[in-house]
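K.L.:
One structure follows; several queries about it will come next.
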Amino acid sequence: MQESVLAKLGKNSISATDIANQFWCEKQVELNYLYGKKYTEQMQKGKQIHEELKAETYIPLNVEPVTYADLLYKIGYENYMALKVLGEKKVCRELTIYGSLGGFKVVGQIDELRLDENGVRIIELKTIDFRQGFSTNQSKLKPNIVQVMLYKKLLDDLRLRRYTLYNFSKAYSLQTKKLSDPFLRALHELGIKEEYTNISEIYRLMFDEFYTMPKVSDKLEIRYVDRFTGKQVSNIIINYDEERINRDLSFALKYWHGEREAMPVSKEERWKCRLCKFYGKECKVWWPPG
Ligand code: SF4
């Protein structure tokens with residue numbers, strides 16, 4: 005039997021970022037999994053800004069997970085807290101969302117949600133190096149647009165019970181998951197009440213928050229933040245277009261279904277290759293430079 009694409013890449017779910025990045029260069033997404041992501045200084049700085057913003061809205065659960073079940077619990081707990089904070093402070097950050105697309109498990113992390121009279125607004129933060137100038141042409145914007153539209157679609161699926169606690173429990177075998185003893189002890193030491201130390205209960209509470217969430221706005225925001233100062237440089241509002249995202253997803257999923265090979269960038273977009281760490285090494289599609 006032919007090996008599935010997920011197995012080849014050592015994955016068991018697809019992230020929303022993977023799908024978004026397919027619209028930059030699909031081949032690069034594949035090579036990143038096959039040859040390892042370089043953890044650059046810039047990515048570290050971007051991550052730090054995300055962490056700082058996250059800490060502004062709620063206190064993360066400071067317990068190290070020992071097992072996968074512990075990790076799943078931690079995500080569920082932090083998500084539940086974040087969704088409660090959204091109701092109280094009208095803003096929450098770094099929310100993990102789950103869903104299903106074409107039979108695949110999909111996971112995403114929304115940078116920010118804001119609640120106002122028009123409902124819940126999805127905001128995606130992009131850190132940029134302002135010293136190198138700022139421009140948003142269509143090729144650069146496309147992955148970001150796919151990403152925010154996909155978040156909206158997944159969030160609507162959760163809110164409207166198209167992806168429920170039942171679907172999630174089945175996909176992640178929640179009933180069989182048990183927290184490790186050291187993790188449980190640490191939760192007790194933090195003073196977390198006994199009824200909240202059950203993984204199924206935490207996810208029940210989390211899904212209840214999704215089910216009762218106000219309408220998600222069709223206006224999606226991409227916010228550009230300076231990598232070094234953390235200050236907002238610009239923002240773009242995108243109107244949700246269901247037909248468009250469904251078309252893009254059906255194209256993207258063909259790769260994951262193994263219906264086609266990973267596509268390199270087109271000839272017109274081969275300028276992207278100069279920014280790619282695989283250029284002339286693992287990928288020679290547009291090499292030597294013409
Ligand atoms: S070199 Fe170009 S085509 Fe190859 S993976 Fe990188 S961006 Fe894609």
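Heads up, the sequence shown stops at 294 in this note's numbering, and the numbers go up one at a time, no gaps. Glycine included, C-beta positions come from ideal geometry on N, C-alpha and C. Values in this document were obtained by computation on a predicted structure and should not be read as measured data.
Would a C-beta distance cut-off of 8 Å place E98 and D115 closer than the cut-off?
P.N.:
yes
K.L.:
For V269, which three-state DSSP category applies?
P.N.:
The answer is coil: DSSP assigns V269 none of H, G, I, E or B.
K.L.:
When you compare each of T21, I242, L35 and Q26 to G14 by their alpha carbons, which one comes out closest?
P.N.:
Just measuring C-alpha positions, the residue of T21, I242, L35 and Q26 sitting nearest G14 is L35.
K.L.:
Just to confirm the assignment, what range does the alpha helix (DSSP H) spanning K174 have?
P.N.:
Residues L169 to A175.
K.L.:
N83 CB to nearest chain B CB: under 8 Å?
P.N.:
No chain B appears in this structure, which consists of one protein chain only.
K.L.:
Measuring CA to CA, which of Y207, Y81, Y176 and Q52 is closest to V110?
P.N.:
Y176
K.L.:
Would you mind giving the Cβ-Cβ distance between K276 and C29, rounded to the nearest angstrom? I have them listed as a contact below 8 Å.
P.N.:
Correct: roughly 6 Å between the Cβ atoms.
K.L.:
Cutting at 7 Å between CB atoms, please list the residues of its own chain near G284, excluding the five before and the five after it.
P.N.:
In its chain, beyond the 5 residues on either side, W291 have a beta carbon closer than 7 Å to the beta carbon of G284.
K.L.:
Of the choices T216, V9 and Q26, whose alpha-carbon is the least far from that of L253?
P.N.:
Q26
K.L.:
Examine ligand 1 and report whether any of its heavy atoms sits within less than 7 Å of the Cβ of C280.
P.N.:
yes
K.L.:
State yes or no: is the C-beta of Y207 within less than 8 Å of the C-beta of L178?
P.N.:
yes
K.L.:
Given this structure, state the Cα-to-Cα distance separating M267 from K31, to the nearest angstrom.
P.N.:
If I take the Cα positions, the gap works out to 5 Å.
K.L.:
Verify the contact flag: Y276, CB atom, against every heavy atom of ligand 1, threshold strictly below 7 Å.
P.N.:
The sequence given here has Lys at residue 276, not Tyr. Yes, ligand 1 has a heavy atom inside 7 Å of this Cβ.
K.L.:
Between P293 and the rest of its own chain, which residues show a CB-CB distance below 7 Å, the 5 nearest in sequence each way excluded?
P.N.:
none
K.L.:
As an exercise, report each continuous alpha helix (DSSP H) stretch of at least 4 residues that is fully enclosed by the stretch 176 to 237, in chain order.
P.N.:
185 to 193 and 203 to 215
K.L.:
Looking only at its own chain, which residues have a Cβ that is under 8 Å from the Cβ of L257, when we skip the five neighbours before and after it?
P.N.:
These residues qualify, in order along the chain: L105, G106 and F108.
K.L.:
Could you check the C-alpha separation between P64 and K235 for me, to the nearest Å?
P.N.:
Using only the alpha carbons, I get a separation of about 23 Å.
K.L.:
Tell me whether L35 counts as near ligand 1, meaning its Cβ is closer than 7 Å to at least one heavy atom of that ligand.
P.N.:
yes
K.L.:
Who are V111's beta bridge partners in DSSP?
P.N.:
S19 and Y102
K.L.:
Would you mind sorting T131 into buried or exposed? The rule is 16 or more other CB atoms within 10 Å of its CB.
P.N.:
buried
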